[in-house]
Structures are given as C-alpha cells and as structure tokens.
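Colleague: Chains as they are written, first to last, in the working numbering: chain S, 1 to 412; chain U, 413 to 824. Each residue gets a CB set at the ideal place from its N, CA and C atoms; glycine is no exception.
There are 2 protein chains.
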Amino acid sequence: MQKFAVMGHGVVGSGVVELFYKNKDSIITRSGDEMDLKYILDIRDFPNLEYCDKFTKDFEQILNDPEVTVVAEVMGGLNPAYDYTKRLLLAGKSVVTSNKELVAAKGAELLGIAKEKNVSYLYEASVGGGIPIIRPISQCLAANDINEILGILNGTTNFIMTKMIREGMSFDDALSLAQSLGYAERNPSADVDGHDACRKICILASLAFGKHVYPAQVHTEGITKITGEDVAYAGAFDSVIKLIGRVKKQDDGTIQCSVGPVVLSKDSQLSSVDDVFNAIMVRGDATGDVMFYGKGAGKLPTASAVMADIIDCVKHIDGRKFVKWEEGSNEYVADYLEDTVSLYVRAKTANNEEAQKAIDGAFGKVKYVTFEGAPAHEIVFITEEGTEKDLRATIKSLSSIIEPINILRVCE
Amino acid sequence: MQKFAVMGHGVVGSGVVELFYKNKDSIITRSGDEMDLKYILDIRDFPNLEYCDKFTKDFEQILNDPEVTVVAEVMGGLNPAYDYTKRLLLAGKSVVTSNKELVAAKGAELLGIAKEKNVSYLYEASVGGGIPIIRPISQCLAANDINEILGILNGTTNFIMTKMIREGMSFDDALSLAQSLGYAERNPSADVDGHDACRKICILASLAFGKHVYPAQVHTEGITKITGEDVAYAGAFDSVIKLIGRVKKQDDGTIQCSVGPVVLSKDSQLSSVDDVFNAIMVRGDATGDVMFYGKGAGKLPTASAVMADIIDCVKHIDGRKFVKWEEGSNEYVADYLEDTVSLYVRAKTANNEEAQKAIDGAFGKVKYVTFEGAPAHEIVFITEEGTEKDLRATIKSLSSIIEPINILRVCE
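Written out as structure tokens, the structure is:
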C-alpha cells in the first residue's frame with residue numbers, strides 16, 4: 001500500500017482528488033499496487049467536503065510521514081513550491097507537478113536531485129494540460145534525434161485568436177469574452193504576453209535537447225498588437241495567425257528558441273487547432289512530423305496528467321532511470337535575430353506605388369498581400385528567407401517611405 | 413551490457429538496425445545501460461552489409477543465448493512469429509513487435525505469458541507506425557476512463573481517399589498511383605478492404621478496455637465501392653469520406669467496434685488528416701478529446717517505435733508491471749447493426765420527386781444532398797440517428813422506389 005499527498009486544493013488539486021475517487025478502481029489496477037490519498041495541503045478549510053479529514057495546513061506532516069511515497073505539487077508559483085519540492089525529493093519521496101513556472105526555472109536542479117535520490121520528478125501536466133507530451137518525447141521518440149518542436153501552447157491566446165479569425169472579433173472583445181468564460185485571468189498578461197507559452201517551450205526544449213533553457217533566454221512576444229487587419233492580411237495569404245512556441249537545433253550545437261505570433265500556412269496541421277485546444281508538433285529524424293492535440297488546460301484534463309504521473313511513481317517505486325537535463329548556459333541559446341526566417345511586414349505609407357518600388361529595390365523578390373477593404377495607405381508584404389537581423393535592417397533602410405505597424409514571422 | 417536481436421531484415425527490420433547505428437550514442441544514453449545488437453535473423457544472405465557478421469539463419473541460437481535479453485520481432489505474419497515469440501517470452505526474454513496481425517490475434521495470450529515471466533511484450537509499432545499511441549494510452553491516460561477511440565489507421569487508404577477528394581481521381585487511378593509509389597502492395601486487399609485497419613482497432617480496443625477483441629468480431633468494410641460521386645456528395649454536406657476504425661464502450665459492458673468508410677464532418681480534427689498520415693482520437697472522461705498524428709507506416713517511423721520499445725525493455729530489465737488484457741468472448745462485441753448511427757444513403761431512382769415523398773414519409777426528417785453535375789436519377793440523403801438495423805429496414809421498405817448504391821455511416 002502506498003500513500004500520496006496533494007499540495008494545493010485549487011482548480012488542479014481539487015481535480016486530482018475528484019478524479020482519484022471517481023476512477024479509483026481502475027487507477028489502482030493500473031498502478032499495480034494498492035494506493036490511497038493521505039493528505040491534502042491547503043491553508044484554507046473545506047469543512048463540507050466528503051474528504052475533509054484529509055486536509056492539513058502543515059507541510060512538515062507530509063514531509064515527515066514515511067507512509068507518503070508520492071506527492072503532487074499543484075500549488076503553482078515558485079515559492080514555497082520550490083522549497084517544498086526540494087525537501088520532499090531530498091527526503092526520498094517522488095514528486096509530480098503541474099507547475100510549469102517551477103519546472104521552467106528549476107527543472108535541471110530538481111531532476112538532478114531526483115536522480116541522485118533514485119526517486120521520480122515527473123511533470124507531464126506542466127505542458128499541454130491533459131495532452132500526453134512529456135512521456136511520448138522522453139520514451140516513445142527516444143530512438144529519434146529531435147530536430148524541432150513547435151506548438152500552440154496556450155489555450156487562452158488560441159481562443160482569442162480563433163475568435164478574431166473566425167468571427168472577426170477585435171482583440172479586446174475576444175479577451176473580454178475569454179475572461180467572462182473563465183479562460184483568461186483578470187490580469188491576462190501571463191497568457192497574452194506569451195510568458196505561459198514561453199515556460200512551456202522552455203520545458204520542451206530542455207527535455208528534447210537535454211540542456212536547460214531558461215525563460216529569460218527566450219525571445220518572447222505576445223499577441224496584444226495583433227489586429228483584425230493582420231488576421232485578414234494573413235487570410236489573404238492563405239494563412240492564420242497563431243501564437244507559436246518553437247525550438248530548433250542548430251548545427252553548431254546551439255538552439256533557436258522563441259515565442260511569438262506567427263503567420264502560419266493553412267497547410268500546417270497546427271493551423272486548424274482552434275479554441276482552447278493546444279497542439280504540439282515534434283519533428284524527429286526517424287518519425288518525421290508527429291503531432292499531439294488536446295485540451296491544454298482545465299481542471300480535469302490537467303488533473304488527468306497529474307494522476308497519470310502519480311500512477312507512474314507508484315508503479316516504479318523501486319526507482320527509475322529518468323533522463324535528467326544538464327544545467328543551461330548563456331551561449332547555448334542563440335540570438336533570435338540570427339535565425340533564418342521569412343517575415344510578414346505590415347507598414348504605413350503615404351505613397352503605395354513609391355513604397356512598392358522601394359521595397360522591390362531593397363528586397364528583390366517579395367509577395368504583396370491585400371484584401372478587399374484593406375486600409376488605405378498600408379502596404380503588406382512577405383519577404384524571402386534571410387536572417388531576421390538582415391531583413392529588419394533592410395526594413396529600417398526604408399524608414400523614409402514605410403513605417404512598420406507589425407512585423408511577424410512566417411511559417412509554412 | 414545488454415544484447416538484443418532483430419528477427420526479420422525486411423523494411424522495418426533493416427530500419428531498426430540502421431536507426432540503432434545512426435543514433436547509437438543517444439539511444440544508449442536514454443536506455444541507461446550499455447547495449448548492442450547481437451543477431452539479425454533472416455533466411456537471406458546480406459554479404460555486402462557492414463554488419464553482415466550479425467546475421468544468423470538459426471532461431472535457436474537467439475533463443476539459447478543468455479546474453480540476449482530483448483528481441484525485436486519484425487517478421488510479420490502469424491507463423492513462425494507466434495511460435496518464436498512464445499518461446500522467447502517463456503525463455504524469459506522481452507519481445508517487442510511491429511506485427512499487428514500477431515498482436516491482434518494472440519495479444520492476450522502473449523501478454524499473459526510476458527506478465528507471468530516478468531518480462532515485457534511491447535507493441536508500440538503495431539499501431540500508427542511512428543506515432544506514440546500505445547504508451548500514451550496505457551500510461552499518460554491511465555487516470556481516465558476511456559469512452560471511445562476512433563482513427564485513420566491505414567495510410568494507404570488515406571492516401572487514396574485524399575487523391576479522390578483533393579484531385580478528383582477515381583479509386584482505380586488513386587490505387588494505381590499508390591502502388592507505383594510503393595504505398596500499396598500489388599495485392600492491395602489488406603489495405604483497401606480494411607483488414608489492416610481492423611487489426612489496429614482490435615489492438616487499441618483490447619488495450620483501452622482490457623479485453624481482447626478479435627478481428628473476426630469486427631464488422632469491416634473497405635473503400636473499394638466509394639466513387640467520385642460519393643466524395644462530391646459528402647463535400648456538399650461539408651464532409652469528407654475517410655476509412656475510420658472505431659470502438660466505443662456501451663453502458664452494458666459490451667463494446668461497439670467497426671471499420672468502414674465514414675462521411676466525416678469537416679469540423680472533425682480527423683478530417684484534415686491527409687495523404688499517408690494517420691491520426692487517432694482518444695476520448696477520455698477527464699481529458700476530453702486527445703489526438704495523435706503522424707506517419708502511420710514507413711521504414712524509419714516504424715523502426716523508431718520498435719527501437720523505443722527496445723530502449724524501454726533495456727531500461728526496465730528488472731521487470732515491469734505491464735497491463736495485460738483478458739481473453740475476449742463472443743458476447744463482448746455487440747452486433748454492429750444495434751449501434752445508433754446516422755446514415756448517408758445514395759440510391760438510384762426512376763422518379764426523384766416520388767422518391768423524396770416516400771423517403772420523407774418513411775423517415776420523417778432527412779437532409780438531402782446534391783452537387784452541380786450530380787448524376788440524374790440519383791437521390792442522396794442523410795438520416796437522423798437510429799439503430800443501423802432500423803434505418804436499414806426502413807431503406808429496404810422503400811425498395812420499390814429507391815435502389816441503394818452506397819450506404820455509409822455519418823460522423824460529426
């Protein structure tokens with residue numbers, strides 16, 4: 001018989017407890033061992049819950065109980081989650097987490113401790129909510145050299161973009177709707193500014209390439225500057241605008257890693273991923289493109305991933321060889337401006353004809369895009385591939401003729 | 413140091429060997445133990461290969477070598493693969509396989525032996541080629557009660573349907589093209605008649621619901637009767653025709669399981685899965701819809717899945733609690749005619765107006781579909797939901813007025 005604890009009785013934590021009691025029989029069958037919930041850590045009281053006797057406000061009680069072999073950390077935030085996780089691992093308990101902020105900041109260290117102590121630190125729920133992605137990358141694709149991962153990693157911004165694309169909503173209206181539906185927080189910055197997606201691509205990058213990538217190293221842009229016009233121009237180019245997190249390996253051993261709105265071809269499988277759904281495309285040398293799709297957030301999907309990790313810990317209580325990441329380094333993540341890209345450029349201009357001449361002269365070949373009812377005195381074009389640095393320098397050289405409104409990466 | 417053997421040096425087997433040597437360093441790192449290839453079993457000689465010293469024609473040599481802990485069975489077919497696998501498992505060696513025919517026919521028995529002997533029998537490559545699907549279902553979604561699985565499980569037929577839908581090709585032309593590209597065999601029956609997809613849905617059904625489903629229990633239809641007109645009618649209904657394998661749990665403990673061409677709404681994520689790609693949608697009570705997408709066949713994608721299973725065996729050489737299936741039973745798979753469905757009915761009629769009156773009278777509400785240039789004297793309609801048995805009886809009652817050409821299930 002193994003006992004587990006859940007730290008945090010918020011959305012995800014209460015989902016884990018609910019799911020455990022709902023599917024208890026099959027969960028025990030699949031874990032191959034008797035198991036039960038022993039503690040729930042929360043500073044609040046929940047006197048009306050059926051399982052109210054499980055609550056404790058005292059972390060030490062969990063830490064010092066030898067019966068507890070697995071702990072789910074679903075508190076979120078860096079502190080005290082970091083301290084608690086570290087002490088639990090050092091005490092020889094396995095920890096599973098949905099805390100992307102913590103994994104993105106301290107994953108290398110915590111995985112290192114787990115390995116040293118021969119326990120597990122599992123984080124399936126930290127990326128893609130209920131979508132299986134961490135285990136498939138670390139196990140199913142283990143024979144591959146992964147070249148690139150790109151994905152729609154944040155459901156809130158994908159919901160907003162979908163409303164803008166499908167229903168012509170403005171960003172502000174779509175955000176308000178997302179807030180009223182509970183998809184976006186009152187302060188939506190973590191989502192709309194790309195920070196949440198950034199943490200997730202850091203975790204995927206660290207796992208896939210074995211070296212920690214820290215959020216501060218990743219060039220991150222949000223979707224707040226995207227307007228209905230951008231969506232329409234992209235549509236005219238047979239594309240949609242999606243917030244994409246992306247990491248790719250380079251020949252020199254460094255990686256390119258970024259988060260930002262991307263003009264994405266409708267030929268991409270990712271382009272039809274709508275509403276609050278997430279999808280992650282993994283490009284391996286043997287498998288080619290493999291995509292994982294599902295709900296990237298929400299109480300039960302996320303709880304499902306946490307519970308699966310708990311089952312895994314119970315199953316492999318005798319120790320498991322899990323891949324850890326090395327600590328990262330400054331020079332490991334290359335300057336995003338050195339990346340070879342194609343750019344969507346939307347600019348104001350007083351004279352379209354003159355602007356077109358100047359653009360053709362400076363860039364050689366570009367594709368112009370417009371749509372019926374496009375604003376006057378705007379010019380939109382897609383460049384050929386070049387380093388972002390060079391392309392931006394060329395755009396700057398045209399500053400007497402065009403004034404950029406939005407510059408986005410293009411992805412086929 | 414652990415040694416493994418590969419039985420069969422065909423497309424998949426040679427891919428496994430190639431992949432092992434190509435990514436050897438990272439494969440060894442991920443398996444957590446030194447490992448090497450010791451034997452390749454094949455009746456043919458390959459004197460020009462770099463690794464020609466690994467070949468043997470003698471199965472007993474592999475069976476009796478205590479150094480060999482893991483064997484990849486990539487021979488295909490029931491015999492001698494079944495006999496070899498059984499003897500290897502009984503001898504305490506782990507076996508991994510891409511052999512869907514064998515797993516679909518004998519999975520319950522072989523998994524039972526593996527469990528008894530505390531070794532692994534892994535079959536990730538038997539469904540979806542390089543797409544991670546077996547491990548995600550058995551591990552990542554372990555906290556879920558799965559309600560339904562449906563998928564595009566055969567790349568050859570999906571390629572043919574894509575050519576018919578996108579380029580207006582006839583079935584025969586699309587099949588010839590698939591054959592000339594090496595996607596279809598000279599005798600294409602296993603693919604186009606749905607047998608391959610049937611084996612795969614049997615494996616998924618057995619895994620998800622814990623009880624073996626045998627191919628003979630599954631109502632299976634192929635795509636040979638689908639014409640360009642059907643594709644056009646479906647298009648007018650905002651749908652595409654795809655060969656879908658499907659299994660769902662029923663309240664009485666039985667399951668519905670079938671393979672056949674389905675009129676699939678373009679709103680479904682599966683509808684945009686084209687060419688030789690496969691995709692599998694898993695519906696769990698906690699996760700909601702989760703989809704897995706990628707190349708369902710091919711040398712390196714399939715070899716990648718086999719190699720991942722080998723790594724897993726090497727990692728967990730000390731024994732692994734793997735979920736086995738029970739043997740199946742006759743009454744476990746319900747009569748497909750009892751399933752509640754909506755049907756697409758395409759029929760000849762001498763008098764469209766009279767036919768429409770009779771259909772309206774017999775069915776109540778239906779949706780009629782046509783397209784510009786549709787054949788004269790044909791009527792096509794989509795029924796409301798009912799049991800397939802009742803719907804077919806109603807169609808039969810109209811036999812003096814309409815003569816069915818094709819009847820397909822509709823899926824939203």
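(1) Is T254/S helix, strand or coil when you go by DSSP?
(2) Output, in chain order, the set of chain S residues within a Cβ distance shorter than 9 angstroms of S670/U.
(3) Quick one: give me the first and last residue of the alpha helix (DSSP H) that F159/S is part of.
(4) Comparing C-alpha positions only, which one of V643/U, D642/U, A609/U sits nearest to E633/U?
(5) Would you say the stretch 704 to 717 of chain U touches the stretch 744 to 759 of chain U, given that touching needs at least three Cβ pairs under 8 angstroms?
(6) Spatial neighbours of G228/S within its chain, please: CB distance less than 7 angstroms, with the 5 preceding and 5 following residues excluded, ordered by chain position.
(7) Relative to the C-alpha of Q139/S, which candidate in D751/U, P544/U, L500/U has its C-alpha closest?
(8) Pick helix, strand or coil for L122/S, following the three-state DSSP scheme.
(9) For E800/U, count the other beta carbons within 10 Å of its own beta carbon; 16 or more makes it buried, fewer makes it exposed. Which is it?
(10) To the nearest angstrom, how far is it from the Cα of P188/S to the Cα of N79/S?
(11) List, from N- to C-terminal side, the alpha helix (DSSP H) runs of 4 residues or more that fit wholly inside the stretch 680 to 748 of chain U.
(12) Can you check DSSP and say which residues form a bridge with K660/U?
(13) Please state whether DSSP places A596/U in a helix, a strand or coil.
(14) Is the distance from the Cβ of Y123/S to the Cβ of V103/S below 8 angstroms?
(15) Assuming I455/U and K466/U are in contact, meaning their beta carbons sit under 8 angstroms apart, how far apart are those beta carbons, in whole angstroms?
(16) The stretch 515 to 544 of chain U: which residues have C-beta closer than 7 angstroms to a C-beta of chain S, in chain order?
(17) Would C52/S be called buried (16 or more neighbouring beta carbons within 10 Å of its own) or exposed?
(18) Just to check, is the beta-carbon of M291/S closer than 7 angstroms to a non-hydrogen atom of the ligand GTP?
(19) For N406/S, report the span of its alpha helix (DSSP H) as first-last.
(20) Would you mind working out which of K200/S, H9/S, S258/S, Q269/S sits nearest F46/S, comparing C-alpha positions?
(21) How would you list, in chain order, the residues of chain S whose beta-carbon sits under 7 angstroms from the beta-carbon of T666/U?
(22) Measuring CA to CA, which of L204/S, Y183/S, N351/S is closest to C257/S?
(23) Of all the residues that make up the stretch 567 to 589 of chain U, which are near chain S by a beta-carbon distance shorter than 9 angstroms?
(24) How is the alpha helix (DSSP H) around Q2/S delimited, first residue to last?
(25) Which value, in whole angstroms, describes the spacing of the CA atoms of K828/U and G235/S?
(26) Go ahead and label Q250/S buried or exposed: buried means 16 or more other beta carbons lie within 10 angstroms of its beta carbon, across all protein chains shown.
(27) If the criterion is Cβ atoms closer than 8 angstroms, does the pair K450/U and V428/U meet it?
(28) Can you have a look at G541/U and say buried or exposed, based on whether 16 or more other CB atoms are within 10 angstroms of its CB?
(29) Consult DSSP for D25/S and reduce its assignment to one of helix, strand or coil.
(30) How about C725/U and V486/U: are their beta carbons less than 8 angstroms apart?
(31) Determine which residues of the stretch 133 to 154 of chain S have a Cβ less than 9 angstroms from any Cβ of chain U, and write them out in chain order.
(32) Three or more C-beta pairs closer than 8 angstroms, one from the stretch 508 to 523 of chain U and one from the stretch 92 to 111 of chain S: is that the case here?
(33) Could you compute how far the alpha carbon of T441/U sits from the alpha carbon of K324/S?
(34) Comparing the C-beta of Q681/U with each C-beta of chain S, is any distance below 8 angstroms?
(35) Name the two residues that bound the continuous alpha helix (DSSP H) containing R456/U.
(36) Quick check on the DSSP output: the alpha helix (DSSP H) that includes E364/U runs from which residue to which?
Modeller: Here's the rundown:
(1) If DSSP states are grouped into helix, strand and coil, T254/S belongs with coil.
(2) By Cβ distance, chain S contributes nothing, its closest Cβ being about 23 angstroms from S670/U, past 9 angstroms.
(3) 155 to 167
(4) It is A609/U whose Cα lies nearest to the Cα of E633/U.
(5) no
(6) M164, G168, S170
(7) P544/U
(8) strand
(9) E800/U comes out buried.
(10) The C-alpha of P188/S lies about 21 angstroms from the C-alpha of N79/S.
(11) For the stretch 680 to 748 of chain U, whole alpha helix (DSSP H) runs of length 4 or above, ordered along the chain, are 711 to 727.
(12) E560/U, Q668/U
(13) coil
(14) yes
(15) Not quite, the Cβ-Cβ distance comes to about 15 angstroms (not below 8 angstroms), so this is no contact.
(16) E536, G542, I543, P544
(17) exposed
(18) Absence of the ligand GTP from the depicted structure is noted, as is the absence of any ligand whatsoever, leaving it without description.
(19) No alpha helix (DSSP H) holds N406/S; the beta strand (DSSP E) holding it covers 402 to 411.
(20) H9/S
(21) What T666/U touches in chain S: nothing, since even the nearest Cβ is about 18 angstroms away.
(22) The alpha carbon of C257/S has as its nearest neighbour, out of L204/S, Y183/S, N351/S, the alpha carbon of L204/S.
(23) Correct list: empty, as no residue qualifies.
(24) From DSSP, Q2/S is part of no alpha helix (DSSP H) but of the beta strand (DSSP E) over 2 to 7.
(25) What is shown of chain U runs 413 to 824, which leaves residue 828/U out entirely.
(26) exposed
(27) no
(28) buried
(29) helix
(30) Between C725/U and V486/U, the C-beta gap is not smaller than 8 angstroms, which leaves the two residues out of contact.
(31) I133, I134, R135, P136, I137, S138, Q139, C140, L141, A142, A143, N144, D145
(32) No, the stretch 508 to 523 of chain U is not in contact with the stretch 92 to 111 of chain S.
(33) 11 angstroms
(34) yes
(35) Element bounds for R456/U: n/a, residue is neither H nor E.
(36) Coverage of chain U is limited to positions 413 through 824, which leaves residue 364/U absent and any answer about it impossible.
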